[in-house]
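For reference, the structure is listed below as structure tokens.
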Amino acid sequence: MNYNNEKDFMNFKLPMETSSGAEIILNGEKFNYFAGTSYFGLHNDPAVINSATEALSKYGLTSSSSRGSFGTTKLIVELEQEAADYFETESAAFLPSGFLTSPIALQVLNQQNLFDIVFVDELAHYSNQLAVKIIGKPVIQFAHLNSSDLESKIQQYGEVNKKPLVVTDGIFPIHGKIAPINNYSTIVEKYGGIIWIDDAHGVGVLGNNGRGIIEHFNLTNEKIFFGGTFSKAFGGFGGFIPGANKFVEQIRNDNFFNGATPAPSAAIAANLTGMRILREQPEKRFRLWNNAKKLKTGLRKLGIEVDDSNVPVAAWSLKTKSEMQRITDELIKKNYLIQFINYVGAGDNGVLRIVVFETHTEEQIDGLLDQLGKIL
Ligand SMILES: Cc1ncc(COP(=O)(O)O)c(C=O)c1O
Numbered sequence: 372m373n374y375n376n377e378k379d380f381m382n383f384k385l386p387m388e389t390s391s392g393a394e395i396i397l398n399g400e401k402f403n404y405f406a407g408t409s410y411f412g413l414h415n416d417p418a419v420i421n422s423a424t425e426a427l428s429k430y431g432l433t434s435s436s437s438r439g440s441f442g443t444t445k446l447i448v449e450l451e452q453e454a455a456d457y458f459e460t461e462s463a464a465f466l467p468s469g470f471l472t473s474p475i476a477l478q479v480l481n482q483q484n485l486f487d488i489v490f491v492d493e494l495a496h497y498s499n500q501l502a503v504k505i506i507g508k509p510v511i512q513f514a515h516l517n518s519s520d521l522e523s524k525i526q527q528y529g530e531v532n533k534k535p536l537v538v539t540d541g542i543f544p545i546h547g548k549i550a551p552i553n554n555y556s557t558i559v560e561k562y563g564g565i566i567w568i569d570d571a572h573g574v575g576v577l578g579n580n581g582r583g584i585i586e587h588f589n590l591t592n593e594k595i596f597f598g599g600t601f602s603k604a605f606g607g608f609g610g611f612i613p614g615a616n617k618f619v620e621q622i623r624n625d626n627f628f629n630g631a632t633p634a635p636s637a638a639i640a641a642n643l644t645g646m647r648i649l650r651e652q653p654e655k656r657f658r659l660w661n662n663a664k665k666l667k668t669g670l671r672k673l674g675i676e677v678d679d680s681n682v683p684v685a686a687w688s689l690k691t692k693s694e695m696q697r698i699t700d701e702l703i704k705k706n707y708l709i710q711f712i713n714y715v716g717a718g719d720n721g722v723l724r725i726v727v728f729e730t731h732t733e734e735q736i737d738g739l740l741d742q743l744g745k746i747l
């Protein structure tokens with residue numbers, strides 16, 4: 372491509388002109404897009420878009436009042452039931468954003484007096500960091516993904532009879548690493564604690580039925596609580612917390628839940644359709660996992676160290692920012708967009724991050740790897 376200032380792409384000064392997908396348009400030009408979180412390309416799926424449009428005509432943009440008032444539409448009731456069915460839980464609560472799931476859940480778990488001290492992964496997402504800050508209990512960080520450090524911190528700081536709460540992301544957004552929840556579960560059981568997982572990137576993606584990290588590890592533990600977002604795998608918008616009736620009822624009684632107008636009707640309908648598509652078409656997940664394997668195998672052949680999990684995210688860093696900038700600039704010239712990103716978990720210099728979707732073709736993935744091979 373012929374563009375004068377590639378840095379503008381890097382800095383996102385150029386807004387997207389299409390929805391997120393395997394191909395997007397920026398500045399009037401088509402790109403192979405390997406960034407963001409539209410893991411199944413549902414953000415531009417015709418069924419998702421049609422249902423959103425219909426809902427908009429029927430319900431207007433929002434219900435104009437909070438859930439504590441007349442804010443609950445039939446569509447929301449349907450969505451909450453669909454989410455409960457999808458995760459095979461008794462119930463589920465729909466929330467105005469994915470970011471809010473952690474602050475709300477921790478507030479409710481705190482009110483129930485289920486923990487006395489918090490242990491949080493040092494690279495947990497901003498929403499988890501905010502959540503642990505505002506509940507007013509002691510907070511200790513443990514080393515990223517490190518079960519032994521978690522246990523020794525619990526031994527060091529958790530006095531007898533102090534119930535620990537372990538807080539973590541399910542999949543960490545930048546490197547796509549999976550938290551060892553199986554190990555955490557064994558540990559908290561020993562100390563009478565509980566776990567909160569922000570599984571924003573895991574739901575839809577991990578597990579044979581797309582139920583996320585808990586299904587990935589085959590855990591059925593009442594001491595593990597989790598929430599997710601519709602804005603990534605499901606192609607929609609807003610957060611959700613599935614769980615037992617009692618817990619979800621308490622979420623519904625919380626001020627965060629009652630004091631906010633729900634997300635727009637178009638988003639709610641999109642969430643419903645996206646979730647149904649992923650439930651009814653498990654082959655989509657298997658294709659996504661194949662694409663993840665293909666991308667990561669290709670990256671390893673280029674000498675880039677990435678794990679071989681099914682997570683469709685890979686990231687690595689180079690010695691200097693300017694080297695990473697050069698890689699994204701060279702790729703932009705060939706109409707491939709990956710991201711040089713600064714975000715929680717990316718360190719001071721940032722990292723190069725590639726995301727592969729289920730809707731990427733083999734040619735697109737091969738093309739990206741081929742271009743990367745020429746410029747690394
Ligand atoms: C780990 C994690 N949790 C929560 C969120 C927030 O979700 P949402 O953007 O749907 O509010 C994000 C990113 O968007 C995330 O990466």
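With the sequence shown counted from 1, adding 371 to any position gets you my numbering.
By construction, the Cβ of each residue, glycine as well, lies at the ideal position given by its N, Cα and C atoms.
query = Below 8 Å between beta carbons: does that hold for V682 and G583?
reply = Cβ atoms of V682 and G583: not closer than 8 Å.
key: As assigned by DSSP and simplified to three states, the class of S391   = Note: S391 maps to coil in three-state DSSP.
ask   = D540 by DSSP, collapsed to three states: which one?
value = strand
inquiry  = Using only the alpha-carbon positions, how far apart do A685 and L590 sit?
reply    = 26 Å
task = In the DSSP assignment, find the unbroken beta strand (DSSP E) run with Y404 in it and report its ends.
result = Where Y404 is concerned, the enclosing beta strand (DSSP E) stretches over E400 to Y404.
request  = Using 10 angstroms around the beta-carbon of Y707, count the other beta-carbons present and answer buried if the total reaches 16, otherwise exposed.
outcome  = buried
Contained alpha helix (DSSP H) runs [length at least 4] in the segment 635–672, N- to C-terminal order = 636–651 and 653–672
inquiry  = Looking at the strands, I want to know which residues DSSP matches up with S462.
reply    = G614
query = Which residues mark the beginning and the end of the beta strand (DSSP E) in which L471 is found?
reply = Segment: none, L471 is in no beta strand (DSSP E) and carries neither H nor E.
message = Does the distance between the C-beta of F470 and the nearest non-hydrogen atom of ligand 1 fall short of 7 Å?
response = Yes - ligand 1 has a heavy atom lying nearer than 7 Å to the Cβ of F470.
request  = Give me the Cα-Cα distance between F402 and I395, rounded to the nearest whole angstrom.
outcome  = 5 Å
task = For F588, name the three-state secondary structure that DSSP assigns.
result = coil
request  = Pull up the distance between the alpha-carbon of V559 and that of E530, whole angstroms please.
outcome  = 14 Å
Backbone secondary structure at F627 - three-state DSSP = helix
ask   = Which of the three DSSP states, helix, strand or coil, is assigned to N373?
value = Interpretation of N373 is limited by its pLDDT of 42, a score under 50 that renders its predicted location unreliable; the figure taken from the coordinates is listed afterwards. It is coil, neither helix nor strand.
task = Take the Cβ of T444 as the centre, count every other Cβ of all protein chains shown within 10 Å, and call the residue buried at 16 or more, exposed below.
result = buried
key: Beta-carbon spacing of L743, S422 below 8 Å   = For L743 and S422, no; Cβs fall outside 8 Å.
message = Restricting to runs no shorter than 3 residues, where is the beta strand (DSSP E) found entirely within the segment 668–746?
response = 684–687, 710–712 and 722–726
query = At which residues does the beta strand (DSSP E) containing T444 begin and terminate?
reply = First-last for T444: undefined, no H or E at that position.
ask   = Anyone know if the C-beta pair for R724 and I712 falls short of 8 Å?
value = In contact: R724 and I712 (Cβ atoms closer than 8 Å).
message = Please state whether the Cβ-Cβ distance between A476 and I612 is less than 8 Å.
response = yes
message = Cutting at 8 Å between CB atoms, please list the residues of its own chain near V722, excluding the five before and the five after it.
response = Here the set comprises I545, H546, A686, W687, S688, M695, F711 and I712.
ask   = Hey, out of S390, G581, K524 and P474, whose CA is closest to Y555's CA?
value = K524
Assigned exposure category for Q735 - 16 Cβ within 10 Å defines buried = buried
task = Work out the CA separation of H496 and A717 for me, nearest whole Å.
result = 11 Å
message = With a threshold of 8 Å on Cβ separation, who are the neighbours of M372 within its own chain once the five nearest residues in sequence on each side are excluded?
response = With a pLDDT of only 42 at M372, under 50, the local geometry of the prediction cannot be trusted, and no value is derived from it.
ask   = In the DSSP assignment, what are the bridge partners of F411?
value = Answer by DSSP bridge pairing: none, since F411 is not bridged.
key: Cut-off 6 Å between Cβ atoms - residues of its own chain near F513, not counting five sequence neighbours on either side   = F490, D520, L521 and K524
task = Answer yes or no: the CB of D492 versus the heavy atoms of ligand 1, is any distance below 7 Å?
result = no
task = Taking D492 as part of the beta strand (DSSP E), name the residues at either end of that continuous run.
result = I488 to D492
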